[in-house]
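One structure below.
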Amino acid sequence: MANTTSTTAGGGDFTSNLGRIYGIYTGGFIAFIILMAILSAMGVENVVIGYLFMGFTIVIYAVIGVLSRTMHVGEYYVAGRRVPALYNGMATGADWMSAASFIGMAGSLYLLGYDGLGFVLGWTGGYVLVAILVAPYLRKFGAYTVPDFLSARYGGNLARFIGVIVLFSCSFTYVVAQIFGTGLISARFLGIDFNVAVYVGLAGILVCSMLGGMRAVTWTQVAQYIVLIIAYLIPVIWMSTVKTGVPIPQLMQGQALANITALETAQGITVHHVTPFVHGGYDAKNYFLLILCLMVGTASLPHVLMRYFTTPSVREARVSVAWSLLFIFILYFTAPAYAAFAKWTMLDLVASGLTPENIAEKAGWMMRWAAADNTLVQICGKAATDTAAIVAACAEKGVTALSFADINLNADMIVLATPEMAGMPYVISGLVAAGGLAAALSTADGLLLAIANALSHDIYYKMIDQNAPTSRRLIVSRILLVMVAVLAAYVASTKPSDILSMVSWAFSLAAGGLFPALVLGVWWKRANSAGAVAGMIAGFGITIFYLVMTQYGADFDKATPNMELWWGVKNISSAAFGLPVGFAVMIIVSLLTRAPSRAMQDFIEEIRVPRGKQMMEEKTA
Amino acid sequence: MATPDRVSYWNKTKSLMFVMLGLWVFFGYVIHMFVEQLNTIVIFGFPLGFYMAAQGSLIAFVVMLFWFARRQNAIDEEHGVHED
Chain Z
1 MANTTSTTAG
11 GGDFTSNLGR
21 IYGIYTGGFI
31 AFIILMAILS
41 AMGVENVVIG
51 YLFMGFTIVI
61 YAVIGVLSRT
71 MHVGEYYVAG
81 RRVPALYNGM
91 ATGADWMSAA
101 SFIGMAGSLY
111 LLGYDGLGFV
121 LGWTGGYVLV
131 AILVAPYLRK
141 FGAYTVPDFL
151 SARYGGNLAR
161 FIGVIVLFSC
171 SFTYVVAQIF
181 GTGLISARFL
191 GIDFNVAVYV
201 GLAGILVCSM
211 LGGMRAVTWT
221 QVAQYIVLII
231 AYLIPVIWMS
241 TVKTGVPIPQ
251 LMQGQALANI
261 TALETAQGIT
271 VHHVTPFVHG
281 GYDAKNYFLL
291 ILCLMVGTAS
301 LPHVLMRYFT
311 TPSVREARVS
321 VAWSLLFIFI
331 LYFTAPAYAA
341 FAKWTMLDLV
351 ASGLTPENIA
361 EKAGWMMRWA
371 AADNTLVQIC
381 GKAATDTAAI
391 VAACAEKGVT
401 ALSFADINLN
411 ADMIVLATPE
421 MAGMPYVISG
431 LVAAGGLAAA
441 LSTADGLLLA
451 IANALSHDIY
461 YKMIDQNAPT
471 SRRLIVSRIL
481 LVMVAVLAAY
491 VASTKPSDIL
501 SMVSWAFSLA
511 AGGLFPALVL
521 GVWWKRANSA
531 GAVAGMIAGF
541 GITIFYLVMT
551 QYGADFDKAT
561 PNMELWWGVK
571 NISSAAFGLP
581 VGFAVMIIVS
591 LLTRAPSRAM
601 QDFIEEIRVP
611 RGKQMMEEKT
621 A
Chain C
1 MATPDRVSYW
11 NKTKSLMFVM
21 LGLWVFFGYV
31 IHMFVEQLNT
41 IVIFGFPLGF
51 YMAAQGSLIA
61 FVVMLFWFAR
71 RQNAIDEEHG
81 VHED
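Protein chains in written order, with UniProt numbering: chain Z, 1 to 621; chain C, 1 to 84.
Following this line, the structure appears as structure tokens:
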């Protein structure tokens, strides 16, 4: 079934013409940006430009989704296993880079300086683990979902069921953050209320993933990668050119850093951008634990791992991991430059002599953001909605000339607001909004698919009704997808936390719950069913316990104090406890119980070599 | 199943994995433990310790992965276990 001969909806023609199709698409998108610039210059209103940008891109994704609709199981779950390494890399890039990378990361780097680089390192280095420890072996096995592998390796539905619980917890947390991101963008650029905006964002997400499953999501994600990378690079290239005359921001970041340090010194700021381990409570311990949790989480997140189920071979799966990281790298090594140029711009603005009276005139964008959501921009500790509010707040504190520290920008708005901050035309703002939307939608699609697949394939088909016909399984999958999505949108509308924290929690949950079972499953033949089940329960249990108790407390009451941190470890690195406990329990219990059968050991031998047919054959009828 | 060739294949695969893991530990953690010492060296305005976390280690990860894919494929072919 891996090399299915049925070419559905032009499959064969399509894959051989990928370069041309996406080339034309990229050209068309650039032409669209130019058209928007012309319309904007002709005096079309900003909010109309915003609607056009977001509407046009969503329509494109929907068209791709509709064209790749499928009722074929192999196409729906693993895109027929025909996605070439390079394009799978691009799709993984979009799958991977979510609202956290696009919207949240540069903002956090802006606020945290060196200490924010833990996110950059953690979200790239994990791919080394994916390539060397997990992905090629799961591809050889030929699973549809990650719990499929757990069930085959650890014999039975208990391991599968626990795998589904972990998958659901981490993917759901992650998807809430994405819907939150789309809500934030829609609220600011379309001027809709945040609570309504999350459901609008949701509609965009559902169109693609509902109709064509993995196949539609794959080809949409490639298109979304192109949009998001263009949208990310243009503003920072612009800033670099304006500030230094050289359009290579990654290189000119050095000059920006030197200027930031000089301006900070001149303004009496003692905590420098480039100084390590001093920002936001990130001491060296928390910095390195965060990197570890994010890296290990990368190699455990089901929505990432399942992307490597779609390549034609084990060899392609390995190459594809390298391509994925290259495409991700392009954004990640730009993010610190983005933050540096934005910070330089803000420090320059402050140095130009800001007072509560003139800020509305010099930086009107702050008021527009404060109006979208009053937590986004605070000056002198109060929402900066207009001059009167700022003057009143600052008078109360006795501030007459604003310093850098008086202006409190939310991490989630910095990337989206940078074009306005640096005085770029509105068309760039629209482009950045479309890029942020692409990032959030592409990841949400992948996540919802991972959840729906696990529920329909692992729970419904494998555990409840083994005789369910194909069509019913796919319909069940779609219904579950919508239900999960609506639930996620509801949770997002309650604003549980900021984007970056929610996403980091997802990584910790995946790392604590799945990593030991996945890695030892391939690399240690002695690992057995009892060990894996105990290890997953212990690792995941400790991680989620620490997370919930320190974030919300046992009573979920914000007024009462939560559990004290253990040794001062921030809860975004909860897997710092779950991971060692998970490994230890799994190893000890495995050694105390019976070794896996001869047949199982042969099975592991087979997974370890690329040659030979894939292990799991699926009936497609 | 566990033929001598398979054993040698798996040993080579394992050593490659450990080499990669070692490089990963070095670029992911070890080098950043010396950030303050490295920051005293400034190139093009970049303090070197900051540079390694912002760009240097990332470049190393990308290069490592392409090298790994080639190397592992060579091992597969050498032992005749590559896919047709």
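Yeah, the Cβ is synthetic: ideal placement off N, Cα and C, and Gly gets one too.
Going by C-alpha positions, L455/Z is about 40 Å away from T418/Z.
Burial is judged here by how many other beta carbons sit within 10 angstroms of a residue's own beta carbon; K343/Z has at least 16 and is buried. Here DSSP, grouped into helix, strand and coil, assigns L409/Z to strand. Counted as a single uninterrupted DSSP element, the stretch harbouring I192/Z is not any alpha helix (DSSP H), since DSSP gives it neither H nor E. For I379/Z, the secondary structure class from DSSP, reduced to helix, strand or coil, is strand. Looking at the DSSP output, V427/Z shares a beta bridge with no other residue. Chain order gives the chain Z residues near Q55/C as Q250 and F333, where near means a beta carbon separation below 7 Å. A direct Cα-Cα distance of roughly 12 Å separates S169/Z from V503/Z. As computed with DSSP, F46/C is found in a beta bridge with I43/C.
Closest in alpha carbon position to S171/Z, among E606/Z, G268/Z, A450/Z and S313/Z, is A450/Z. Along the stretch 289-300 of chain Z, the positions whose C-beta sits under 9 Å from a C-beta of chain C are I291, L292 and M295, read in chain order.
Of the residues A99/Z, R82/Z, C394/Z and A339/Z, the one whose Cα lies closest to the Cα of D445/Z is A99/Z. Assignment of A422/Z by DSSP, reduced to helix, strand and coil, places it in the coil class. K12/C carries a helical assignment under DSSP once its states are collapsed to helix, strand and coil. Taking C-alpha positions only, P47/C is separated from M20/C by approximately 27 Å.
Straight-line measurement puts the Cα of V476/Z at about 22 Å from the Cα of T220/Z. One finds V314, R315, V609, P610 and R611 in chain Z with Cβ atoms closer than 9 Å to the Cβ of D76/C, taken in chain order.
Cβ-Cβ distances below 6 Å link L65/C to nothing in the same chain once the five nearest sequence neighbours on each side are left out.
Residue contact check for A392/Z against chain C: no CB pair falls below 7 Å. In the same chain as L23/C, and ignoring 5 residues on each side of it, the C-beta atoms closer than 8 Å to its own belong to A60 and M64, in chain order.
For the 7 Å CB-CB criterion, G436/Z and I185/Z form a contact.
Taken atom to atom, the span from the alpha-carbon of V81/C to that of P610/Z is near 6 Å.
Two segments are said to touch when three or more pairs of C-beta atoms, one from each, lie closer than 8 Å; by this definition the stretch 563-575 of chain Z does not touch the stretch 194-207 of chain Z. DSSP, read as helix, strand or coil, puts D445/Z in helix. Rounded to the nearest whole angstrom, the CA to CA distance from L592/Z to V164/Z is 26 Å. Counting along the chain, the unbroken alpha helix (DSSP H) around W123/Z starts and ends at L117 to L129. A straight line joining the alpha-carbon of M366/Z with that of L409/Z spans about 9 Å. Taking a 10 Å sphere around the C-beta of I179/Z, we find 16 or more other C-beta atoms and assign the residue as buried. Between H32/C and A53/C, the gap from beta carbon to beta carbon is short of 7 Å. Comparing alpha carbon positions, the residue from R6/C, S15/C, V7/C and P4/C closest to R71/C is S15/C. Taking the beta carbon of Q72/C as reference, the chain Z residues within 7 Å of it are R318, listed in sequence order. K362/Z carries a helical assignment under DSSP once its states are collapsed to helix, strand and coil. Comparing alpha-carbon positions, the option among I537/Z, D557/Z, W524/Z and A584/Z lying closest to P596/Z turns out to be W524/Z.
M421/Z counts as buried, since no fewer than 16 other beta carbons sit within 10 angstroms of its beta carbon.
Rounded to the nearest whole angstrom, the CA to CA distance from L520/Z to T443/Z is 28 Å. By the CB criterion at 7 Å, L514/Z and V166/Z fall inside the cutoff.
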